[in-house]
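Colleague:
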Amino acid sequence: MTSSDPLDQFLARNPAYFFGRSPEQGLVNPDNLLILLGHLRCAAFELPFQVGEGFGNIQAEQLQEFLEYLQGEGLLHRSGSKYFWMADQYPAQGISLRSTSPDQVVLQLESEEGQPVQTIGEVDRESATWMVHPGAVYLHEAQTYYVRSLDLEQGIAILLPTGTDYYTEAQSETIVQLLEKRAEIDVSGGIKSYGDLKVTTQVKGYRKVRWHTHENMGQADLDMPPSDLVTTGYWTTLSEAAVERLQAMGLWSNTPNNYGAGWNAIHQQVRERDGYRCQACGLLETGREHDVHHKVPFRTFVSAQEANQFNNLVTLCPVCHRRVETAVRVRSGLAGVGFALGHLAPLFLMCDPGDLGVHTDPQASLAEGRPAIILYDMVPAGIGFSERLYEVHAELMEHASDLVSGCSCTDGCPSCVGPGGEAGYGGKPEALALLEVLSGKNM
6 MTSSDPLDQF LARNPAYFFG RSPEQGLVNP DNLLILLGHL RCAAFELPFQ
56 VGEGFGNIQA EQLQEFLEYL QGEGLLHRSG SKYFWMADQY PAQGISLRST
106 SPDQVVLQLE SEEGQPVQTI GEVDRESATW MVHPGAVYLH EAQTYYVRSL
156 DLEQGIAILL PTGTDYYTEA QSETIVQLLE KRAEIDVSGG IKSYGDLKVT
206 TQVKGYRKVR WHTHENMGQA DLDMPPSDLV TTGYWTTLSE AAVERLQAMG
256 LWSNTPNNYG AGWNAIHQQV RERDGYRCQA CGLLETGREH DVHHKVPFRT
306 FVSAQEANQF NNLVTLCPVC HRRVETAVRV RSGLAGVGFA LGHLAPLFLM
356 CDPGDLGVHT DPQASLAEGR PAIILYDMVP AGIGFSERLY EVHAELMEHA
406 SDLVSGCSCT DGCPSCVGPG GEAGYGGKPE ALALLEVLSG KNM
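Start counting the sequence shown at 6; every next residue gets the next number (the working numbering).
1) Looking at residue 240: is its Cβ nearer than 8 Å to the Cβ of residue 371?
2) Report the rounded CA-to-CA distance for residue 409 versus residue 162, giving the unit in angstroms.
3) Taking the alpha-carbon positions, what's the residue 142 to residue 231 distance?
4) Closer than 7 Å: is that where the CB of residue 61 sits relative to any heavy atom of the ligand NAD?
5) Could you tell me whether the Cβ atoms of residue 112 and residue 126 are closer together than 8 Å?
6) Based on the DSSP secondary-structure assignment, which residues constitute the bridge partners of residue 186?
7) Residue 237 and residue 465 - do their beta-carbons sit closer together than 8 Å?
8) To which residues does DSSP link residue 48 through a beta bridge?
9) Please classify residue 435 as buried or exposed, where buried requires at least 16 neighbouring CB atoms within 10 angstroms.
10) For residue 211, count neighbouring Cβ atoms within 10 angstroms of its own Cβ and tell me buried if that reaches 16, exposed if not.
11) Once DSSP output is grouped into helix, strand and coil, what is the label at residue 284?
12) State the DSSP-derived secondary structure class of residue 41, mapped to helix, strand or coil.
13) Can you look up residue 20 in the DSSP assignment and give me helix, strand or coil?
14) Three-state secondary structure (DSSP) at residue 374?
15) Opposite residue 127 in the DSSP bridges: which residues?
16) Per DSSP, which residues does residue 298 bridge with? Please list them.
17) For residue 272, I'd like the list of residues in its chain whose CB is within less than 6 Å of its CB, leaving aside the five on either flank, ordered along the chain.
18) Do you know whose CA, among 411, 405, 350, 373, lies nearest residue 390's CA?
19) Under three-state DSSP, which class holds residue 264?
20) Which class does residue 435 belong to by DSSP, given the choice of helix, strand or coil?
21) Taking its Cβ as the centre, do 16 or more other Cβ atoms sit within 10 Å of residue 90, making it buried, or is it exposed?
22) With DSSP as the reference, please indicate the residues paired to residue 221 in a beta bridge.
23) If we count Cβ pairs, one from each stretch, closer than 8 Å, do we get three or more for the region 202–218 versus the region 400–414?
24) Out of 185, 72, 64, which one is the CA nearest neighbour of residue 48?
25) Can you tell me whether residue 432 is buried or exposed, with buried defined as 16 or more other CB within 10 angstroms of its CB?
26) Using CA coordinates, which residue listed in 67, 166, 64, 56 is at the minimum distance from residue 83?
27) Thinking C-alpha only, which one of 169, 347, 135 is nearest residue 147?
28) Can you have a look at residue 213 and say buried or exposed, based on whether 16 or more other CB atoms are within 10 angstroms of its CB?
29) So the beta strand (DSSP E) residue 404 belongs to, where does it begin and stop?
30) Could you pull out every residue in the same chain whose Cβ sits closer than 7 Å to the Cβ of residue 358, ignoring the five residues on either side in sequence?
31) Skipping 5 residues on each side, what residues in its chain have a beta carbon closer than 6 Å to that of residue 362?
32) Residue 418: which of 201, 345, 63, 353 sits nearest, CA to CA?
33) Of all the options 77, 80, 58, 94, which has the alpha carbon lying nearest to the alpha carbon of residue 86?
34) Ends of the beta strand (DSSP E) at residue 148?
35) From residue 341 to residue 137, what does the alpha carbon distance come to, in whole angstroms?
36) Alpha carbon to alpha carbon, how far is residue 159 from residue 177? Give it in angstroms, no decimals.
Here's what the structure looks like:
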């Protein structure tokens, strides 16, 4: 049985892609430092290393440095020309097949005083902030748990068994910085690139989503510490010509809104009409002026005059404004394409969707301020996913275009470009037009 996931829907409509290809194409970078050290620990446990021998692609001189490092950690002992394993633990037992992070957060069930603590699992520290943050619903072996608390310093999350009818989705802010560009080439609609990135992510809140209907049941704010990930990434930068073409077709909504020449006066009049109070929570203005929100999104109107009618405007405080915008925002074509690529790319990599990060930015710094769609390895130093996506760029864009065009929805759904907000503005036409440009079908 297939789900609404874009990957499932693509395979359901293209069975030949599944049955007519090589069944295995797993990717891993054995020279990734964290992976390599894990391999060396396991290899030394099985058989002593000889001075002067290599290991895979690692030359003897470089391997010697790693062996001396492990000796300094108290894991190896050199006797004569050999390095012997001397630690008590079985090294393979401490190596995760899902993560390279050495820092783990233990998941414990809350127990009554005097009762033994029950541990149900572990997650890596980087994933803990969005998987087991306070208030999250965590799924483990078909049982749902409510996360009561998370202590990153102690590495412990306290959970309670629960029977909620919803799940939670973390909402985060991401900043991507370019460290080094390794490759770049012109493609249809822009430029494809591959290189080293620094990704800074901070979880700012989460929303509750009902299991079967996917309706938004509410949101909550969080202030989790930011986390940095130095990894490899693959990104597509849109050319000016591609953006101009989409704008001419009326299918580009990533340009900042121009609310018209009289907006400042309208902004003042609406706040005065509403008594300078947030119409959602009642908060009175103090230092910062409240925002004025368009009930029907500004981008859906053909003119600023129509959008700025007083009956379409309401005063909101910054917190309520952010929540409302999240619920009713117009999903841009850029975000829709990012959603489709993030769910389809694992098909080319033999990986889990959670192994890839996706970020879209209409003014990306790594693309000199131009729009970009960025996919990156969720593993420190990368393990080869991004490089592979760089190689199959054309095929990926073509299949993503087929996925979106073949979906029967009218304006976006979880099976193609993702669901729109509560007002139903999904942005599918924009996403499809952009994919047709990037795949070369419409240039």
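Every residue, glycine too, gets a C-beta built ideally from N, C-alpha and C.
Modeller: Result, derived from the coordinates:
1) In this structure, residue 371 lies closer than 8 Å to residue 240 by Cβ.
2) Roughly 39 Å between the two C-alpha positions.
3) Whole-angstrom Cα-Cα distance: 21 Å.
4) Absence of the ligand NAD is noted for the structure shown, with no ligands found whatsoever.
5) Between residue 112 and residue 126, the C-beta gap is smaller than 8 Å, which places the two residues in contact.
6) DSSP lists 200 as the bridge partner or partners of residue 186.
7) Outside the displayed range of the chain (6 to 448) lies residue 465, so it cannot be described from this structure.
8) According to DSSP, residue 48 bridges with nothing at all.
9) Around the CB of residue 435, 16 or more other CB atoms lie within 10 Å, so the residue is classed as buried.
10) It counts as buried.
11) Residue state for residue 284 is assigned as coil, using DSSP reduced to three classes.
12) DSSP places residue 41 in helix when its eight states are reduced to three.
13) Assigned with DSSP and collapsed to three states, residue 20 falls in helix.
14) It is coil, neither helix nor strand.
15) Beta bridge pairing from DSSP links residue 127 with 111.
16) According to DSSP, residue 298 bridges with 319.
17) For residue 272, where only same-chain residues beyond five positions count, the Cβ hits under 6 Å are 297.
18) Nearest C-alpha to residue 390 among 411, 405, 350, 373: 350.
19) In the three-state reduction of the DSSP assignment, residue 264 falls in the coil class.
20) Reduced to three states, the DSSP call for residue 435 is helix.
21) Buried, since its Cβ has 16 or more Cβ neighbours within 10 Å.
22) In DSSP, residue 221 forms a bridge with 214.
23) Segments in contact, no.
24) Taking only the C-alpha atoms, the option nearest residue 48 is 72.
25) Its Cβ being crowded by 16 or more others within 10 Å, residue 432 is buried.
26) Ranking 67, 166, 64, 56 by Cα distance to residue 83 puts 56 first.
27) Selected option, being the one with the closest Cα: 169.
28) Using a 10 angstroms sphere on the CB of residue 213, the tally of other CB atoms reaches 16 or more, which defines it as buried.
29) Careful: residue 404 lies outside any beta strand (DSSP E), inside the alpha helix (DSSP H) at 398–410.
30) The beta carbon of residue 358 sits closer than 7 Å to the beta carbons of 347, 348, 351 from its chain, once the five residues preceding and following it are set aside; these are given in chain order.
31) The residues are 381, 383.
32) Closest by C-alpha distance to residue 418, out of 201, 345, 63, 353, is 345.
33) The shortest C-alpha separation from residue 86 is found at 58.
34) Start and end: 148–156.
35) Cα-Cα distance, rounded: 27 Å.
36) The straight-line gap from Cα to Cα measures roughly 23 Å.
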